[in-house]
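Asker:
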Ligand SMILES: Cc1cc2nc3c(=O)[nH]c(=O)nc-3n(C[C@H](O)[C@H](O)[C@H](O)COP(=O)(O)OP(=O)(O)OC[C@H]3O[C@@H](n4cnc5c(N)ncnc54)[C@H](O)[C@@H]3O)c2cc1C
């Protein structure tokens, strides 16, 4: 495992940075929020990103992808994270897309993936529930036997880009109690399936999330993703991939928030000197710099470990998320504090970084959850 | 690649043939190992032939030029040697400030005569070196040092005292910073001088440390005559040399503590978790104390992230990139981490972590407790953590003074 960007990745990083600067300033996020945009992102930009080949980065060539893995996708997500671009990489490429790639039948893959890679179809994964917190195996949604198929009943929360997805992979229980490890099955649904209802949710980061209500949605054997009853392991692998993705995004956002704050420390004067000359602030800035550098190493390692399928890949994913969660919040909080009063205003952009940082921190498990997982996987 | 494989095979064969049985698997604690010098003691005695054989091949200083007694190995070959030593569980034949600090400095700044005189002796472990930087009134503000060097013909006459000189009582030579021009700006009147500690007028007295047994000394100079040709770099130009040596020292400290922590979280075996299981027991597969368990995980995560950062810096260097900003964090992070880790080990042991000596405490318990106390100095020696953060703020982040 080499912790250095390849030439292809360097090029990708540069293209993505230029693109983000030109097409996706933070002011766009504000405009989407203020307009209460139904999608919460720009479909036009999404298609452009697909044309640039980014949507297909972690998919094999047979589906039109570039087969550049998570280590390739990470550099794009980092660049987009810098300007808080809300386009649906997590939902479509990482959650829904990877669920089908890792668990889907040939038919499911050929139905969804080529169009997904072209930017023509959006997908998502409905896994989280009111009581599940970060426990992927806590599933109350039931798949009840009905003839040769099932009927899905239950409710999912904060489904990413739920209201605009063309397809939803739903996690349900074909057997077992709410917290049983086995008995979990994934199903692929179309958005127009009878009995499926969606309601937009508004979180602090103003991205698109939805409540998903399943009121007896009929599914058959052809809709099962992976093996019946053994969806728990598949789900964990999918969420691990998405976790690497959100970590890369967090790395970009925290780097940007930190650099903006650093700029302010050099420019803002009080007591006749730049505030960045005060040691109380200097040392805290240096600590943040250290945390960000450690995050970068951890994110690069996690992406490569998953791509290479190494044995302790899951542990490295937890390492990355634990550190990124803590560092993102540290940097965001310090950024507001070091901006003083102006940092508290909605007019200033730094607040957008705090809001997204909090959402990202509590998505796919916070730092404490991932330390617990690290210990568990380490046998203690 | 094939050449490297062949080098590996030959190295393995040579090591197997030449490493004495008695030293295999020897765990060297901090301050342990062979430090060389005129008063060297070899524990166990087989360390002596081990040193001699390795020195003969130049493998006490694997990457230094062969003409001065080094091994002339490439970085890749040196890594292979290191891996093979680890694989066969063999201790390093020699350690000390000669290899880690003054040697690299002389290779950079020394003149030909100085290199020929000192480097081979360092490689063979014949001369032990200590560091005379700090003074009672010059610590973090090192450039304010006052030990005087008055010119008298071909000699400097040295007067003053150095403090916190680690291992001065066991060392043969000292590299010292002295004020050769009291009228110049403080950084511009300093000379970097090599001093034979057998010179008349040098005296050493030990200072006790909070961890007990002390390697720490005060070193006094009373009219000590030192030839002017023992200056490294320009006369009055010692500050440049001094700073470069601090760079080597910080790398070494980061290496030692980063390296010591290795194993934590890598693979499945966890040193901290095993220790904790001994003292805290087990509750359904998880450690008995959920709070300490979380702290152990946190410590391991930080260790792993640190090692990955060291690896990232190395991989970038191998790929031909300029050194990035990440290396500036090594000293402060590695030492703060070692402080946390040693403290955690004491807290895991609970009341058993309180032993100073004698009945009711196992040797390794006492060792860990003293290690915890000694580690408090990690964030002071070689430039304090606060000074490291100042350097990052200024050099890396460009924050104003
Ligand atoms: C175990 C050990 C071994 C050592 N071995 C050697 C040796 O072999 N040779 C040698 O020459 N020296 C040695 N030293 C000395 C060491 O380099 C000094 O102790 C160190 O540089 C700090 O200097 P000081 O002790 O005078 O503390 P001071 O400089 O007085 O610092 C006291 C406190 O003030 C803080 N401080 C000082 N300046 C600033 C600033 N500008 N901004 C913010 N905070 C500041 C420091 O961080 C520290 O917390 C050793 C020290 C230890 C602990």
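Protein chains in written order, with my numbering: chain D, 16 to 395; chain L, 599 to 999. Where a beta carbon is used, it is the ideal one built from N, C-alpha and C, also for glycine. Values in this document were obtained by computation on a predicted structure and should not be read as measured data.
Give the secondary structure of residue 954 of chain L by DSSP, where H, G and I count as helix, E and B as strand, and everything else as coil.
Answerer: Residue 954 of chain L falls in the coil class under three-state DSSP.
Asker: Can you tell which of L/889, L/797 and L/779 has the C-alpha that lies nearest to the C-alpha of residue 790 of chain L?
Answerer: Comparing Cα positions, the closest option is L/779.
Asker: Any beta carbon of chain D sitting closer than 8 Å to that of residue 750 of chain L?
Answerer: With 8 Å as the cut-off, residue 750 of chain L does not count as an interface residue toward chain D.
Asker: What's the call for residue 916 of chain L, buried or exposed, on a 16-neighbour Cβ count within 10 Å?
Answerer: With fewer than 16 other Cβ atoms within 10 Å, it is exposed.
Asker: Using only the heavy atoms of ligand 1, determine whether one of them is closer than 7 Å to the beta carbon of residue 731 of chain L.
Answerer: Yes, the Cβ of residue 731 of chain L comes within 7 Å of a heavy atom of ligand 1.
Asker: According to DSSP, which residues form a beta bridge with residue 1009 of chain L?
Answerer: Outside the displayed range of chain L (599 to 999) lies residue 1009 of chain L, so it cannot be described from this structure.
Asker: Do you know offhand how far residue 87 of chain D's Cα is from residue 64 of chain D's?
Answerer: Taking the straight line from one Cα to the other gives about 14 Å.
Asker: DSSP three-state call for residue 859 of chain L: helix, strand or coil?
Answerer: Confidence at residue 859 of chain L is low in this model, with a pLDDT of 40, below 50, so its placement is unreliable and the value that follows should be read with caution. DSSP places residue 859 of chain L in coil when its eight states are reduced to three.
Asker: Would DSSP call residue 692 of chain L helix, strand or coil?
Answerer: In the structure shown, residue 692 of chain L sits in coil (DSSP, three-state: anything other than H, G, I, E or B).
Asker: For the putative contact between residue 907 of chain L and residue 312 of chain D, defined by C-beta atoms under 8 Å, what is the C-beta separation to the nearest angstrom?
Answerer: About 4 Å; that satisfies the 8 Å criterion.
Asker: Shorter than 8 Å from the beta carbon of residue 998 of chain L to some beta carbon of chain D?
Answerer: Yes, residue 998 of chain L counts as interfacial toward chain D.
Asker: Could you check where the beta strand (DSSP E) with residue 748 of chain L kicks off and where it finishes?
Answerer: Residue 748 of chain L -> beta strand (DSSP E) spans 746-750.
Asker: What residue ranges within the stretch 72-135 of chain D form continuous alpha helix (DSSP H) runs of no fewer than 4 residues, ordered along the chain?
Answerer: Runs of the alpha helix (DSSP H) inside the stretch 72-135 of chain D: 84-97, 112-118 and 121-132.
Asker: Within 8 Å (strictly less), CB to CB, does residue 386 of chain D reach chain A?
Answerer: Of the chains in the structure shown, none is chain A; the protein chains are D and L.
Asker: Give every residue of the same chain whose Cβ lies closer than 6 Å to the Cβ of residue 283 of chain D, excluding the five residues on either side of it in the sequence, and list them in chain order.
Answerer: Once the five neighbours on either side are set aside, the close Cβ partners of residue 283 of chain D are 290.
Asker: What does the Cβ neighbour count give for residue 336 of chain D, buried or exposed, with the cut at 16 atoms within 10 Å?
Answerer: By the 10 Å Cβ count, residue 336 of chain D comes out buried.
Asker: Contact between the stretch 758-773 of chain L and the stretch 807-822 of chain L: three or more CB pairs below 8 Å?
Answerer: With the cut-off at 8 Å, the stretch 758-773 of chain L and the stretch 807-822 of chain L touch.
Asker: Below 6 Å CB to CB, which residues in the same chain sit around residue 885 of chain L once its five sequence neighbours on both sides are set aside?
Answerer: Contacts found: 874, 878 and 891.
Asker: Following the continuous beta strand (DSSP E) through residue 925 of chain L, name the residue where it begins and the one where it ends.
Answerer: Run containing residue 925 of chain L: none; DSSP gives neither H nor E here.
Asker: Along the chain, which unbroken stretches of the alpha helix (DSSP H) at least 4 residues long are found entirely within the stretch 230-264 of chain D?
Answerer: Whole alpha helix (DSSP H) segments, 4+ residues: zero.
Asker: Name the chain D residues whose beta carbon is nearer than 7 Å to that of residue 907 of chain L?
Answerer: Ordered by position in chain D, the residues that pass the 7 Å Cβ test against residue 907 of chain L are 308, 309 and 312.
Asker: Is residue 745 of chain L buried or exposed, if buried means 16 or more other CB atoms sit within 10 Å of its CB?
Answerer: Residue 745 of chain L should be labelled buried.
Asker: Quick check: is the beta carbon of residue 286 of chain D nearer than 8 Å to any beta carbon in chain L?
Answerer: Closer than 8 Å: no.
Asker: By the 10 Å Cβ neighbour count, where 16 or more other Cβ atoms means buried, how is residue 600 of chain L classified, buried or exposed?
Answerer: Exposed, by the Cβ-count rule.
Asker: Who are the Cβ neighbours of residue 660 of chain L in its own chain at under 6 Å, not counting the five residues just before and after it?
Answerer: 669, 671, 676 and 679.
Asker: Please identify, using Cβ separations under 8 Å, the residues of the stretch 884-909 of chain L that lie next to chain D, in order along the chain.
Answerer: Within the stretch 884-909 of chain L, the residues whose Cβ lies closer than 8 Å to some Cβ of chain D are 884, 885, 891, 892, 894, 895, 896, 898, 899, 900, 902, 903, 904, 906, 907 and 909, listed in chain order.
Asker: In the DSSP output, which residue or residues are listed as bridge partners for residue 164 of chain D?
Answerer: Note: residue 164 of chain D sits in a beta bridge opposite D/161.
Asker: In this structure, how does DSSP classify residue 975 of chain L when only helix, strand and coil are distinguished?
Answerer: The answer is helix: DSSP assigns residue 975 of chain L an H, G or I state.
Asker: Alpha carbon to alpha carbon, how far is residue 103 of chain D from residue 923 of chain L? Give it in angstroms, no decimals.
Answerer: Near 33 Å, if we compare the C-alpha coordinates of residue 103 of chain D and residue 923 of chain L.
Asker: Below 9 Å on C-beta distance, what does residue 791 of chain L contact in chain D?
Answerer: The contacting residues do not exist; residue 791 of chain L stays about 33 Å from chain D at best.
Asker: By Cβ distance, which residues of its chain are closer than 6 Å to residue 320 of chain D, with the 5 residues on each side in sequence left out?
Answerer: Here the set comprises 328 and 331.
Asker: Ignore the nearest five residues each way along the sequence and tell me which others in residue 972 of chain L's own chain have a CB closer than 6 Å to its CB.
Answerer: The residues are 809.
Asker: Can you list, in chain order, the residues of its chain with a C-beta nearer than 8 Å to that of residue 132 of chain D? Leave out the 5 residues immediately preceding and following it.
Answerer: Contacts found: 65, 70, 71, 74, 78, 79 and 80.
Asker: If you run the structure through DSSP and keep just helix, strand and coil, what is residue 611 of chain L?
Answerer: Residue 611 of chain L: helix per DSSP, three-state reduction.
Asker: Between residue 783 of chain L and residue 701 of chain L, what straight-line distance do the alpha-carbon atoms span, to the nearest angstrom?
Answerer: Residue 783 of chain L and residue 701 of chain L: Cα-Cα distance of roughly 28 Å.
Asker: In terms of residues, what are the limits of the alpha helix (DSSP H) holding residue 360 of chain D?
Answerer: Taken as a continuous stretch (DSSP letters only), residue 360 of chain D belongs to no alpha helix (DSSP H), as it is neither H nor E.
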